[in-house]
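Data first, discussion second: the structure below is written as structure tokens.
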Amino acid sequence: MKKQLKLVLSIICFSSTFHLSIAHATSSSCPNDDRNSTVVLKHFFEISKIYRATYHEQQIINYLTAIAITNHLSYRMDGGNLAVYVPGKGEHANRPTVALQSHVDMIVKHTGIKTKNINERNFQIDFVKTDGLIHSRDYKTTIGADNGLGVATMMLFMDQTNTSIKHHPPLELIFTVAEETGMEGIAKLKNIKSKTLINLDKDRYGVVCMGCVGIKSFNISHAELPTTKVPNEFVQATVSLTGLKGGHGGSDTPTGRANAVNLLTGYLNGVFESSPNTLVIHAESGELGSTSAIPTSFKLKLAIPQKEYGQLEILAQKFLVNLTQKYGSLLNAETKELVEEITKINLTFESSKPEQKEELAIARPKMQELLSHLNELPQGILTKDDAYPFQAHTFSNTSFVKIEATQSGGTFSTSLMARSFKADSLETIEAKLNSQLNASNYHVKNIVTLPPWTPNFDSWLLKLFLSKHNTFKPELYLAGIEPAYLAQLFPDLHMISMGFDIFDEHVPTERFDPKTVHKLVVVLEQFLNELGKAPELNQ
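In my numbering, each residue carries its 1-based index in the sequence shown increased by 619.
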């Protein structure tokens, strides 16, 4: 017997638009055909041909090194990171060095293709332009604007032939690796020559960042879950959810963005309530290693008595309706803007008789315990703090979960990252996880700890920038946390962070506004000139 029920609901967030190929027309992306921003976009499209997923950055590092050699610039490797030194120009040639920093790796995601199946041989981004924003054709893949635009902006200063910038201090261009999975690259950085640094990993133009969250990233696992044989009279049900928008685990989690891991947990709660004899054979959401991404789909394989099967059909319909009502659109409490949470919801529900081979599932009591622990994991906004002029958050994002019954036993693993402006809040989360899980033989491993970059409202660098560029607003940052590591490694370093309008980082709908590339390049050129004149640069 084989029965299939498909429940499909589509919500299209992008209207039909005219697609302009920009692969060979970068100058049209810049207002007034600005030479420098045209060069930046040219470099961005060139490095976008290079596969540069986290831990696969050697090719892009080699490419940047070759450009440094071609332009007769000195460079050094430092813990896998690359630092390139550009002599000062014009009236600031003999001033102290200023550092610019961006990370070269990107989150690689493609609609319909698992990350593990994408490599340097089949990696390709076909850029188009819609309503003034640049993205991949048909929104098929991430484009690496995070942090490729920062990398390309730094390359402008290496491009001695094409840059028209006439005055800037000596520059230390720091290209870091392995940012997207836990800051491993910058954690190995041993030396920075400069005392002043500008980070270019902000995803919104018009704000200047002067503080950011710290993180604690955890892997939680259990490798000895008891299993049970699926009775022959049970039917199987495979439930797959796709089409959630996903996003950045730092900047998008506080908006209430739908997380497929949380939805999987909620769906299982409903299943066990309506069908108490259900068994879980397999459950998975997200991708292992994508610690900064909000998962967009889940797949669940169940075994259930045939007489209870109808309850699952009813539950699937209710789940889809509730999901659509809750996440079709969402009012962001922070910005008061309507956030489109879903590109296309697709819920499939398929049932069939078990296969002839012996099928195993997680033993029911252990699965109930496991689900209880999943329900208690810290998720979303945990606390708010009005002590700062900006609302600071403690929040957490679960990026991956996998539950599997195999012949060798049942396994469970999950990954989550907590972020906070307060180090003691992160310690509290870790203590709670250990207390909750260790007693039940779950293994909690803290793989990354990073204290916050504490904001300094009296920073001379911040005050100088705002005095010259008063249309910018100061802000604390929920993502782009490499400056937090830099603040710990080099406590005397003066830092600010800025960037471009980038939307939906880490998911295939990622896009950016090229007008803000032009604007930021102009601001950066002006500010480097202003820094060259500042007496505080000698500090």
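Backbone N, C-alpha and C define an ideal beta-carbon position, used for all residues, glycine too.
None of the values given here were measured: they were computed from a predicted structure.
Same chain, Cβ closer than 8 Å to residue i, neighbours up to 5 away in sequence not counted
i	result
Val-1140	Asp-653, Asn-655, Ser-656, Val-659, Thr-772 and Leu-775
Asn-1157	Pro-715
Tyr-1061	Ile-839, Ser-840, His-841, His-992 and Phe-1031
Leu-990	Thr-884, Leu-887, Asn-888 and Phe-891
Asn-1057	Val-1063
Glu-1101	Gln-720, His-722, Thr-795, Glu-798, Met-802, Ile-805, Asn-818 and Asp-820
From the options, residue whose alpha carbon lies closest to that of residue i
i	options	result
Leu-1080	Gln-987, Thr-815, Val-880 and Ala-912	Thr-815
Thr-847	Arg-983, Gly-830, Asn-1065 and Ser-911	Arg-983
Val-1020	Lys-1134, Ala-1103, Asn-878 and Ile-1066	Asn-878
Leu-1160	Leu-692, Asp-1004 and Glu-1049	For residue 1160 there is no data in the structure shown, the boundaries of the chain being 620 and 1158.
Leu-860	Thr-915, Glu-843 and Asn-851	Thr-915
Val-747	Glu-1144, Phe-1131 and Thr-1135	Phe-1131
Asp-1043	Phe-1031, Thr-1030, Leu-1069 and Gly-1029	Leu-1069
Leu-931	Thr-1025, Val-890 and Leu-939	Val-890
Thr-1025	Pro-845, Leu-719 and Ile-753	Pro-845
Gly-885	Val-723, Glu-906 and Gln-998	Gln-998
Thr-1002	Gly-698, Ser-1039 and Tyr-682	Ser-1039
Asn-810	Ile-793, Phe-663 and Ser-909	Ile-793
Thr-673	His-691, Leu-683 and Gly-763	Gly-763
Asn-1075	Glu-978, Cys-831 and Glu-1124	Cys-831
Pro-1127	Ile-679, His-675 and Asp-745	Asp-745
Thr-780	Val-727, Pro-924 and Thr-689	Thr-689
Glu-710	His-787, His-1125, Ala-1058 and Pro-873	His-787
Phe-1119	Ile-726, Ala-980, Leu-819 and Ile-834	Leu-819
Leu-907	Gly-801, His-691 and Asn-851	Gly-801
Ile-669	Pro-1154, Phe-1091, Arg-740 and Phe-1084	Arg-740
Tyr-758	Gln-720, Thr-749 and Lys-812	Thr-749
Ile-1048	Ile-834, Ala-922, Phe-742 and His-691	Ile-834
Met-777	Val-940, Thr-684 and His-722	Thr-684
Gly-1028	Asn-1016, Asn-941 and Leu-979	Leu-979
Tyr-682	Val-770, Ala-718 and Gln-743	Val-770
Lys-926	Thr-897, Ser-909 and Gly-905	Thr-897
Ala-922	Gly-865, Ile-981 and Gly-866	Ile-981
Pairwise C-alpha distance: residue j and residue i
i	j	result
Thr-1073	Pro-895	49 Å
Ile-733	Asp-822	The residue asked about is misnamed: residue 733 is Lys in this sequence, not Ile. Cα to Cα, the separation comes out at about 25 Å.
Ala-687	Ala-702	10 Å
Leu-1147	Thr-943	48 Å
Pro-1071	Ala-1103	6 Å
Leu-1159	Leu-883	Beyond the ends of the chain as shown, which are 620 and 1158, falls residue 1159; an answer cannot be given.
Glu-1129	Leu-768	13 Å
Cys-706	Asn-738	Note on residue identity: the sequence assigns Pro, not Cys, to residue 706. Distance between the alpha carbons of Pro-706 and Asn-738: 36 Å.
His-901	Leu-919	6 Å
Pro-803	Val-826	Residue identity check: residue 803 is Glu in the sequence provided, not Pro. Distance between the alpha carbons of Glu-803 and Val-826: 27 Å.
Gly-751	Tyr-824	15 Å
Lys-1138	Leu-790	20 Å
Lys-1041	Leu-1150	31 Å
Ile-1066	Asp-724	19 Å
Ser-1059	Tyr-704	53 Å
Lys-785	Asn-713	14 Å
Ser-693	His-675	24 Å
Leu-1083	His-662	30 Å
Glu-843	Glu-903	18 Å
Asn-881	Pro-850	29 Å
Beta-carbon proximity list for residue i, same chain, < 7 Å, skipping 5 on both sides
i	result
Glu-995	Gln-1055
Asp-871	Ile-913
Ser-1078	Met-829 and His-1113
Ser-986	Per the sequence shown, the amino acid found at residue 986 is Met instead of Ser. The residues are Val-899.
Ser-893	Gln-930 and Leu-934
Val-1142	His-1088
Leu-863	Ala-877, Ala-879, Thr-915, Ser-916 and Ile-961
Thr-761	Met-725, Ile-726, Val-727, Lys-728, His-1125, Val-1126, Pro-1127 and Glu-1129
Ala-806	Tyr-1104
Ser-1086	none
Neighbourhood of residue i by C-beta, 6 Å cutoff - its chain only, sequence neighbours within 5 removed
i	result
Phe-1122	Arg-1130
Thr-1013	Leu-1001, Thr-1002, Ser-1039 and Ser-1044
Leu-808	Asp-697, Gly-698 and Asn-700
Ala-1050	none
Glu-1144	Ile-784
Met-1098	Sequence inspection shows Ala at residue 1098; the Met mentioned does not correspond to that position. Answer for Ala-1098: His-867, Gly-869 and Ser-870, listed in chain order.
Gln-1023	Before going further, note that residue 1023 is Glu rather than Gln in the sequence given. Excluding residues within five positions, the ones whose Cβ falls inside 6 Å are His-901 and Thr-1030.
query = Where in the stretch 1032-1099 do unbroken runs of the beta strand (DSSP E), each at least 3 residues long, occur, reported from the N-terminal end onward?
reply = 1062-1069 and 1092-1096
inquiry  = Could you check whether the stretch 837-846 touches the stretch 1030-1044, counting it as contact only if at least three pairs of C-beta atoms, one from each stretch, sit closer than 8 Å?
reply    = yes
inquiry  = Below 8 Å, how does it come out for the stretch 1104-1118 and the stretch 849-867: are there three or more Cβ pairs, yes or no?
reply    = no
inquiry  = Does the stretch 1111-1122 come into contact with the stretch 731-749, if we say contact requires no fewer than three beta-carbon pairs (one atom in each stretch) closer than 8 Å?
reply    = no
inquiry  = Please give me, in chain order, every unbroken run of the beta strand (DSSP E) with length at least 3 that falls completely inside the stretch 809-856.
reply    = 815-821, 826-831, 833-844 and 846-848
query = In chain order, which alpha helix (DSSP H) runs of at least 4 residues are fully inside the stretch 888-928?
reply = none
inquiry  = I'd like the ranges of any beta strand (DSSP E) spanning at least 3 consecutive residues and lying wholly in the stretch 711-783.
reply    = 717-722, 746-749 and 752-755
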